[in-house]
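This report refers to the structure that appears directly beneath it.
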Amino acid sequence: MKNKYDAGFLDKREANYTPLSPVSFVKRAGTFFPDVTAIEYGDVKQSWSNTYARCRKLARALQARGVDRSSTVAALLPNVPAAVELAYAVPMSGGVLNMINTRLDAAGVAFILDHGEAEVLFVDSGLVDLASQALALCEVEPALIFCEDQNAPGTRLEASIDYEAFLASADALDEDALLPDDEWDAIALNHTSGTTGNPKGVVYHHRGAYLAALGNGMEWVLSHHPRYLWTLPLFHCNGWTFPWVLAAYAGTNVCLRKTEPGAILAAIKVHNITHMCGAPIILSTLATEAERLGALLDPEIKMMTAGAPPPAAVLERAAAIGLDVTHVYGLTEVYGPITRCAWNPDWDTLSGSEKAALKARQGIAYSILEDASVRSAETLAPGVWDGNAMGEVMFRGNAVMKGYLKNPSATQEAFSGEYFHSGDLAVTHPDGFIELKDRSKDIIISGGENISSIEVESVFYMHPAVAAVAVVAMPDEKWGETPVAFVELKEDAAAESDALITFARERLAHFKCPRKVIIGELPKTSTGKIQKFLVRKRLEK
55 MKNKYDAGFL
65 DKREANYTPL
75 SPVSFVKRAG
85 TFFPDVTAIE
95 YGDVKQSWSN
105 TYARCRKLAR
115 ALQARGVDRS
125 STVAALLPNV
135 PAAVELAYAV
145 PMSGGVLNMI
155 NTRLDAAGVA
165 FILDHGEAEV
175 LFVDSGLVDL
185 ASQALALCEV
195 EPALIFCEDQ
205 NAPGTRLEAS
215 IDYEAFLASA
225 DALDEDALLP
235 DDEWDAIALN
245 HTSGTTGNPK
255 GVVYHHRGAY
265 LAALGNGMEW
275 VLSHHPRYLW
285 TLPLFHCNGW
295 TFPWVLAAYA
305 GTNVCLRKTE
315 PGAILAAIKV
325 HNITHMCGAP
335 IILSTLATEA
345 ERLGALLDPE
355 IKMMTAGAPP
365 PAAVLERAAA
375 IGLDVTHVYG
385 LTEVYGPITR
395 CAWNPDWDTL
405 SGSEKAALKA
415 RQGIAYSILE
425 DASVRSAETL
435 APGVWDGNAM
445 GEVMFRGNAV
455 MKGYLKNPSA
465 TQEAFSGEYF
475 HSGDLAVTHP
485 DGFIELKDRS
495 KDIIISGGEN
505 ISSIEVESVF
515 YMHPAVAAVA
525 VVAMPDEKWG
535 ETPVAFVELK
545 EDAAAESDAL
555 ITFARERLAH
565 FKCPRKVIIG
575 ELPKTSTGKI
585 QKFLVRKRLE
595 K
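Written as structure tokens, this is what we have:
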């Protein structure tokens, strides 16, 4: 029986309930801020009204190709305007956007295309060779859309359709048809490395994307019309939801094909940048280049960083060149950033090094998340706030993925006890701030890229001279972390470190390959299991 707050036609209806989707942000920006610049790339400037119209046409063209809520629309694109437009247009079409890591090798791209059952693939002209090799390996045969960039010319893919011609092939999608029927519908598929090295497909929903985008804007205290430089790959958690953040705040997407420090400094000046995001490596390389040139960012640039915990020394150097850094933490499974090292005004009087040490912590949950806490992996009991009690970081709330595509066992395990288990080990300080201490999944984060130690180890095990191998993370000022391989050779076998590195580079994407190999006997348990914690201690010597 209905109570008084449900009776008398107090029901959900179109007038008071609509699905939450970041598509609404795009419509608002295009309608009410038509002349504000939405996208800049070199000399190209595109207004929000033009971007909104183009994305509606692109959405309708995708639907004409049969794209619906069960369809995967893949993209192999760097940070160029087409990548931004797809972030808006694919959700409008009802399809699921799958931005593929452009740093993967052909086998990795092929696996993702097959896993998502891609029906359409957008390919940048500078990535044609990679796409061609991947398409030769995969089973799916997606429709191909060729996205030409004069800054990286390439031969057009056979049987592909030109991006602009594809967009022009359809009328604009009706505004009344932009939103999904259900906010729980999938909006994006992002692949992340797991402990076995096989990528897992993380599925986002419209509701989560909407709230995560608002969370980023709220936590960063954004005002309307920020000028945002794309130094973070759009294939990382859909750019940490920032295409949708910028739509919500009618900001400007300043595209940057390559994140080289000189190009970043030039773009900041030319395009009057106010905000940007990136892994700690961006902080480090940018600080190094600015120091070399004697450059100071004025006015100050606000930067959000996440990935491997940034060293305090790097944060201090970044502050010195004019970067106001906000340190956040998250995972692909929670739409990117989901905790922030919220600043306490009482810390203003501390020294630069003391401030940097506090800012290096992972912080507290975003306001749009129900819970982010350090808990016992066995009992789920919250840990003591003493800065010493170790536990696993767990999450609960709307900005958590739907689950892993085609992987019910991994999904069930990740959501055990009705919390999402991150696999990251941390402590909670007396002020409630989380600080990471280790990663139970042995994932190495190098330059913002996730590297599975087990995947790298499996390649070394292919070498005929290798008896055992342990790949662990070594702190690196430039990359945050970098993989290092400890290799034990078979009896009477011989191999040099350089030769083993070459062997691995021929079989791995280069960013996954250790630049250092240390040969020697590995510590093991009585049952022969390698003791990685003892291996890590060798790096401390």
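Taking our numbering, the leading residue of the sequence shown gets 55, the next gets one more, and so forth.
For glycine and all other residues, C-beta sits at the position ideal for the given N, C-alpha and C.
Cβ-based neighbour list, residue i, same chain, cut-off 6 Å, excluding 5 preceding and 5 following
{"i": "A411", "result": "A366"}
{"i": "V144", "result": "V127 and L151"}
{"i": "L490", "result": "P363, Q416, D478 and A480"}
{"i": "R371", "result": "A341"}
{"i": "T536", "result": "S500, M528 and D530"}
{"i": "P609", "result": "Past the edges of the chain, shown from 55 to 595, lies residue 609, and the structure says nothing about it."}
Burial state of residue i (16 or more Cβ within 10 Å)
{"i": "A83", "result": "buried"}
{"i": "A118", "result": "exposed"}
{"i": "K323", "result": "exposed"}
{"i": "T250", "result": "Residue placement at T250 cannot be trusted, given a pLDDT of 43 that sits under 50; what the coordinates show is reported in the next sentence. Classification for T250: exposed."}
{"i": "P132", "result": "buried"}
{"i": "L232", "result": "buried"}
{"i": "R346", "result": "exposed"}
{"i": "K356", "result": "buried"}
{"i": "P518", "result": "exposed"}
{"i": "L283", "result": "buried"}
{"i": "G406", "result": "exposed"}
{"i": "M516", "result": "exposed"}
{"i": "R67", "result": "exposed"}
{"i": "G248", "result": "For G248, the predicted structure reports a pLDDT of 45, less than 50, and the residue's modelled location is therefore unreliable. The matter cannot be settled from this model."}
{"i": "S75", "result": "buried"}
{"i": "P399", "result": "exposed"}
{"i": "G170", "result": "buried"}
{"i": "T556", "result": "exposed"}
Bridge partners - residue i, DSSP secondary structure assignment
{"i": "P529", "result": "E535"}
{"i": "I154", "result": "Note: I154 sits in no beta bridge, so no partner."}
{"i": "S200", "result": "The amino acid at residue 200 is misidentified as Ser; the sequence shows Phe. F200 is bridged to V177 and D216."}
{"i": "N307", "result": "I93 and Y282"}
{"i": "C331", "result": "M358"}
{"i": "T393", "result": "Y383 and A419"}
{"i": "M448", "result": "S427 and H475"}
{"i": "K578", "result": "I584"}
{"i": "D378", "result": "K356"}
{"i": "Q100", "result": "I93"}
{"i": "E542", "result": "A522"}
{"i": "V194", "result": "According to DSSP, which records beta bridges pairwise, V194 is partnered with nothing at all."}
{"i": "L130", "result": "V177"}
{"i": "V77", "result": "Partner(s): none; V77 has no beta bridge."}
Reduced DSSP category for residue i - H, G, I as helix; E, B as strand; rest coil
{"i": "S214", "result": "coil"}
{"i": "R592", "result": "helix"}
{"i": "K460", "result": "coil"}
{"i": "T295", "result": "coil"}
{"i": "N270", "result": "helix"}
{"i": "L404", "result": "coil"}
{"i": "N326", "result": "coil"}
{"i": "F469", "result": "coil"}
{"i": "K491", "result": "strand"}
{"i": "A240", "result": "strand"}
{"i": "G208", "result": "coil"}
{"i": "G437", "result": "coil"}
Beta-carbon proximity check, residue i vs residue j, cutoff 8 Å
{"i": "A266", "j": "Y389", "result": "yes"}
{"i": "F200", "j": "V174", "result": "no"}
{"i": "F510", "j": "V541", "result": "At residue 510 the sequence reads Val, which differs from the Phe that was named. No, the pair does not count as a contact, with Cβ atoms beyond the cut-off."}
{"i": "D425", "j": "G451", "result": "yes"}
{"i": "L167", "j": "S186", "result": "no"}
{"i": "I584", "j": "A522", "result": "yes"}
{"i": "D235", "j": "R114", "result": "no"}
{"i": "G316", "j": "T285", "result": "no"}
{"i": "V454", "j": "E387", "result": "yes"}
{"i": "V182", "j": "G149", "result": "no"}
{"i": "H325", "j": "V299", "result": "no"}
{"i": "V80", "j": "A435", "result": "no"}
{"i": "F63", "j": "T156", "result": "no"}
{"i": "A206", "j": "S179", "result": "yes"}
{"i": "V98", "j": "D203", "result": "no"}
{"i": "L543", "j": "F514", "result": "no"}
{"i": "G376", "j": "L350", "result": "yes"}
Same chain, Cβ closer than 8 Å to residue i, neighbours up to 5 away in sequence not counted
{"i": "G486", "result": "I418 and W439"}
{"i": "F587", "result": "none"}
{"i": "T359", "result": "C331, G332, A333, P334, I336, L337, V379, T380, H381 and V382"}
{"i": "T581", "result": "Low confidence applies here, because T581 scores a pLDDT of 43, under 50, leaving its location unreliable; read the following figure in that light. Once the five neighbours on either side are set aside, T581 has no close Cβ partner at all."}
7 Å CB neighbourhood of residue i in its chain, flanking five on each side removed
{"i": "I335", "result": "G501, G502, K532, W533 and G534"}
{"i": "R590", "result": "V526"}
{"i": "F165", "result": "P253"}
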